[in-house]
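A short worksheet on the structure shown next.
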Amino acid sequence: MSKDVLGEVYGVTVQKGGVGKSTFSQALAYSFANQGYKTVLVDLDPQSTLTGAFFGYSYGAFSQTEDNGSIEYDVSNITNIFRDTDVEPIVVKTTKHLVNPNKGKMLQPHYLEEELEIDFYPSNYQLLSATESDDFTRENKIQLLYKFIDSLKTKYDRIVIDSPPSFGIITTSILKAAKAILIPIPTKNVDTDGMVGFFRTLDKIYITENLKDLSKIVLIPNMFDKRVTDAKETLTEIKRIPNLLHETKNLRNLSCKVMDPFPQKACIQEAPSFKLFLAPYIMDFHRSQNQDLILKIDNIAKELTN
Ligand SMILES: Nc1ncnc2c1ncn2[C@@H]1O[C@H](COP(=O)(O)OP(=O)(O)O)[C@@H](O)[C@H]1O
Ligand SMILES: [Mg+2]
12 MSKDVLGEVY
22 GVTVQKGGVG
32 KSTFSQALAY
42 SFANQGYKTV
52 LVDLDPQSTL
62 TGAFFGYSYG
72 AFSQTEDNGS
82 IEYDVSNITN
92 IFRDTDVEPI
102 VVKTTKHLVN
112 PNKGKMLQPH
122 YLEEELEIDF
132 YPSNYQLLSA
142 TESDDFTREN
152 KIQLLYKFID
162 SLKTKYDRIV
172 IDSPPSFGII
182 TTSILKAAKA
192 ILIPIPTKNV
202 DTDGMVGFFR
212 TLDKIYITEN
222 LKDLSKIVLI
232 PNMFDKRVTD
242 AKETLTEIKR
252 IPNLLHETKN
262 LRNLSCKVMD
272 PFPQKACIQE
282 APSFKLFLAP
292 YIMDFHRSQN
302 QDLILKIDNI
312 AKELTN
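Number 55 in the working numbering belongs to position 44 of the sequence shown; there are no gaps in the numbering.
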């Protein structure tokens, strides 16, 4: 397959777990695909949350053999990145929806009974041992991961990558390939030291790791619930981050945008247990109350690409 224009890589990255990285990765990939971009979603977290959500965890799948036995197989061949072998995506089928422009008052997402396919690279826990093995140097491992991500740019318009909750080899390679990163920050118990540490490391490696493509950071205050004490103060703190970045040596020229807070909603937790992307889940089960979340995610996607 050949393409004249190179696709763009968006990493959902921060060294903390449980903040919404996997949630926004799948929701963003869906949004891009729904807008008609050829999109791929890549799970580069060895903990494989997304892979688990769509397929059950690795080694959980069985296939029938010719003599009616069954063999266990792993849906992910992601560790082929470190071998001289192809890594293959899986096609996830979902349903498309359309924002109805005719209703006047409110933009309402409406279903089109049309299938939507999104390529997905599942992960597995072996990715962790692969990144820790002594077979390659740290630089080689970063380079191999980077080359894999970079190769996707000729095949897709939008490449969305879910990251592990650490700042190691995998995250570094994602940052090297990314045009923009999305950082979800929970608005309860904000870990200010952790955030400052993340940006300090990012500032440090911006030059040493040559993050030349990275031009934008989008922050999303997540799990916002105004009834929670401190939620508003936390939000104020998050809104100060762009100023902090302007005081750093290397990140001062990056664009940094804080999105409107994203609410704490039960449907977000439920969608993966139905093996559904967030938007189709909302359309099926929560149409009246939560469709504004779909529009919020479309806005985040727009902000990342701007
Ligand atoms: N806005 C939200 N409202 C409710 N639950 C959320 C929200 N964002 C994330 N979650 C839930 O929080 C948990 C952690 O989110 P996840 O995306 O897996 O985080 P990470 O990938 O950063 O570890 C998941 O159960 C997810 O469904
Ligand atoms: Mg995750």
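Yeah, the Cβ is synthetic: ideal placement off N, Cα and C, and Gly gets one too.
- Take residue 178, set aside five residues on each side of it, and the residues of its chain with a beta-carbon closer than 8 Å to its own are 26, 209, 212, in chain order.
- Here the C-alpha atom of residue 152 lies approximately 9 Å from the C-alpha atom of residue 144.
- By the 16-neighbour rule on beta-carbons within 10 angstroms, residue 257 is exposed.
- Here the distance from the Cβ of residue 181 to the nearest heavy atom of ligand 1 is not below 7 Å.
- The segment 245-265 and the segment 274-289 do not touch, with fewer than 3 CB-CB distances between them shorter than 8 Å.
- Remark: the shortest separation between the CB of residue 134 and any heavy atom of ligand 2 does not fall under 7 Å.
- Ranking 272, 155, 85 by CA distance to the CA of residue 237 puts 272 first.
- In this structure, residue 147 and residue 155 form a Cβ contact; the two beta carbons are roughly 7 Å apart against a cut-off of 8 Å.
- Distance check between residue 92 and each of 181, 296, 223, 225 places 181 closest, using alpha-carbon atoms only.
- Around residue 174, the same chain offers 22, 23, 24, 32, 55, 56, 181, 182, 185 as residues with beta carbons nearer than 7 Å, after the five sequence neighbours per side are excluded.
- In terms of CA proximity to residue 201, 234 leads the group 254, 234, 265.
- Between the beta-carbon of residue 230 and that of residue 196 there is about 6 Å, and that keeps the pair under the 8 Å contact cut.
- For the pair residue 160 and residue 264, the Cα-to-Cα distance works out to about 24 Å.
- Counting C-beta atoms within 10 angstroms of its own C-beta, residue 240 has fewer than 16 neighbours from the protein chains shown and is therefore classed as exposed.
- An exposed status is given to residue 285, since fewer than 16 other beta-carbon atoms sit within 10 Å of its beta-carbon.
- In this chain, the beta strand (DSSP E) harbouring residue 266 covers 266-269.
- Judged by DSSP in its simplified three-state form, residue 21 adopts strand.
- For residue 45, the enclosing alpha helix (DSSP H) covers residues 32-45.
- Boundaries for residue 317: no beta strand (DSSP E) harbours it, and the DSSP string shows neither H nor E there.
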